[in-house]
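Visitor:
In this note's numbering, the protein residues as written are 1 to 334.
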């Protein structure tokens with residue numbers, strides 16, 4: 001039997017731990033800033049809990065990487081944070097932001113658990129997953145109690161079992177379409193909420209960015225997010241279904257940056273990457289051809305914007321290189 005302590009970390013385990021470290025070190029900066037400006041006494045304890053969890057995750061990964069002989073990432077530090085900046089968001093933003101982040105955490109930590117083989121890594125991601133589930137429950141309870149929870153549209157219960165009997169179920173690219181399936185509605189609604197958060201972040205960050213090229217990209221992404229919201233919302237409205245509210249009015253008029261441009265661009269790129277993943281899942285779950293085409297267009301467009309953001313980070317020396325395979329050709333050429 002293998003000695004569990006001598007088993008090396010796999011590439012999947014190292015990569016996911018590295019991504020977790022980067023995300024949680026960013027979260028420490030963001031949540032620390034939120035904590036000094038939040039006024040709602042129901043939301044504040046959840047921010048404190050989220051902040052403490054992120055600090056714990058970062059510390060756990062630091063200890064693990066030291067033990068394994070891996071370089072600890074730089075991630076994000078107090079140099080990326082301006083605690084003296086005035087509030088950039090109103091209280092309602094914080095609780096909706098936490099809801100989205102807990103959802104993303106459940107997905108990310110669930111993936112980390114599923115790809116891990118070593119027992120200590122599985123235990124780490126099992127713990128982080130259940131922490132995110134508990135956090136999501138806390139946030140949801142606050143949203144419900146304050147009347148801020150955005151419920152997806154309701155649909156009537158089916159009266160009988162039915163089977164699809166013609167190709168009209170798949171629809172066409174134009175013309176009359178069958179009513180949306182419940183799962184298609186769920187994806188449209190959830191994607192609109194993510195796009196709304198992305199737009200609000202772009203509005204806020206574009207007001208405070210200190211780098212001209214970053215500001216230009218954020219303004220472009222702000223407008224693109226607005227068009228995504230329109231595209232997604234139009235599918236719901238065609239079916240006479242409600243659309244979720246946007247977050248545009250949760251941003252203050254502050255022009256003082258609470259975060260470095262490096263952190264803000266990393267955050268926006270991470271949100272876009274999440275959106276691409278969500279659109280891919282939505283594409284697979286949507287039977288209607290017009291929805292498949294829409295998601296394909298959205299994925300292609302966001303892919304280009306992620307690349308543009310990465311290029312700006314590279315040009316400014318902000319993009320930390322993730323763990324990678326050894327370049328054997330380079331070694332052989334020495």
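Virtual Cβ for every residue (Gly too), placed ideally from N, Cα, C. The structure displayed is predicted, hence computed values, not measured ones.
#1: Take residue 157 as the anchor and find which of 29, 45, 77 and 182 has the nearest alpha-carbon.
#2: Which runs of the alpha helix (DSSP H) at least 4 residues long sit entirely within the segment 155–219? Give them in chain order.
#3: Suppose you measure from the CA of residue 18 to the CA of residue 161; what does that come to, to the nearest Å?
#4: Which residues in the same chain as residue 238 place their Cβ atom closer than 8 angstroms to its Cβ, once the five residues preceding and following it in sequence are excluded?
#5: Could you tell me whether the segment 249–269 touches the segment 140–156, using the rule of 3 or more Cβ pairs below 8 angstroms?
#6: Throw me the rounded Cβ distance for the residue 320 and residue 62 pair, which I believe falls under 8 angstroms.
#7: Given residue 91, which residues of its chain have a CB within under 8 angstroms of its CB, disregarding the five upstream and five downstream residues?
#8: Span of the alpha helix (DSSP H) holding residue 72?
#9: In angstroms with no decimal places, state the Cα-to-Cα distance between residue 278 and residue 80.
#10: According to the neighbour-count rule (16 or more other Cβ atoms, all chains shown, within 10 Å of its Cβ), is residue 244 buried or exposed?
#11: In the DSSP output, which residue or residues are listed as bridge partners for residue 130?
#12: Going by alpha carbons, who is nearest to residue 256 out of 45, 209, 287 and 234?
#13: Return the CA-CA distance between residue 235 and residue 70, expressed in angstroms with no decimal places.
#14: With distance defined between alpha-carbon atoms, name the residue in 323, 7, 297 and 119 nearest to residue 232.
#15: Residue 109 and residue 132 - do their beta-carbons sit closer together than 7 angstroms?
#16: Using 7 angstroms as the threshold, is the C-beta distance between residue 309 and residue 265 below it?
#17: Under the rule that 16 or more other beta-carbon atoms within 10 Å means buried, what is residue 330, buried or exposed?
#18: May I have the straight-line CA-CA distance separating residue 332 from residue 50, to the nearest angstrom?
#19: Could you tell me the distance, in whole angstroms, from the CA atom of residue 240 to the CA atom of residue 295?
#20: Check the DSSP bridge columns for residue 251 and list the partner residues they point to.
#21: Find the nearest neighbour of residue 83 within the set 281, 32 and 206, judged by alpha-carbon distance.
Guide: Result, derived from the coordinates:
#1: Taking the first residue of the chain shown as 1, we reach residue 157 at position 157. When each option's Cα is compared against that of residue 157, the closest is 182.
#2: 182–208
#3: Counting from 1 along the chain shown, the entry for residue 18 is found at position 18. Counting from 1 along the chain shown, the entry for residue 161 is found at position 161. Our two residues, residue 18 and residue 161, have alpha carbons roughly 48 angstroms apart in a direct line.
#4: Working through the chain shown from its first residue, we reach residue 238 at position 238. Closer than 8 angstroms at Cβ, skipping near neighbours: 177.
#5: These segments do not touch.
#6: Sequence index remark: in the chain shown, residue 320 carries index 320 (1-based). Sequence index remark: in the chain shown, residue 62 carries index 62 (1-based). Contact doesn't hold; Cβ gap of about 15 angstroms is too wide.
#7: Here residue 91 is taken as the residue at index 91 of the chain shown, counted from 1. These residues qualify, in order along the chain: 38, 39, 40 and 43.
#8: Taking the first residue of the chain shown as position 1, residue 72 is located at position 72. Premise fails: residue 72 is in no alpha helix (DSSP H) and is neither H nor E.
#9: The sequence position of residue 278 within the chain shown is 278, counting from 1. The sequence position of residue 80 within the chain shown is 80, counting from 1. If you take the alpha carbons of residue 278 and residue 80, they lie about 28 angstroms apart.
#10: Working through the chain shown from its first residue, we reach residue 244 at position 244. Buried, since its Cβ has 16 or more Cβ neighbours within 10 Å.
#11: Indexing the chain shown from 1 puts residue 130 at position 130. DSSP output for residue 130 lists no bridge partner at all.
#12: For the purposes of this step, residue 256 is taken as the residue at position 256 of the chain shown. Closest by alpha carbon: 209.
#13: As a first step, residue 235 is located in the chain shown; it is residue number 235 there, counting from the start. As a first step, residue 70 is located in the chain shown; it is residue number 70 there, counting from the start. Approximately 48 angstroms between the Cα atoms of the pair.
#14: Locating residue 232 in the chain shown gives position 232, where the first residue counts as 1. Cα-wise, what sits closest to residue 232 is 297.
#15: Here residue 132 refers to the residue found at position 132 of the chain shown. Here residue 109 refers to the residue found at position 109 of the chain shown. In contact: residue 132 and residue 109 (Cβ atoms closer than 7 angstroms).
#16: Here residue 309 refers to the residue found at position 309 of the chain shown. Here residue 265 refers to the residue found at position 265 of the chain shown. Yes, Cβ-Cβ distance for residue 309 and residue 265 is below 7 angstroms.
#17: For the purposes of this step, residue 330 is identified with residue 330 of the chain shown, where counting begins at 1. Counting Cβ neighbours within 10 Å, residue 330 comes out exposed, since fewer than 16 surround it.
#18: Position 332 of the chain shown holds residue 332. Position 50 of the chain shown holds residue 50. Roughly 47 angstroms separates the two Cα atoms.
#19: The sequence position of residue 240 within the chain shown is 240, counting from 1. The sequence position of residue 295 within the chain shown is 295, counting from 1. If you take the alpha carbons of residue 240 and residue 295, they lie about 21 angstroms apart.
#20: As a position in the chain shown, residue 251 is number 251, starting the count at 1. DSSP lists 89 as partners of residue 251.
#21: Here residue 83 corresponds to residue number 83 of the chain shown, with the count starting at 1. When only C-alpha atoms are compared, the closest one is 32.
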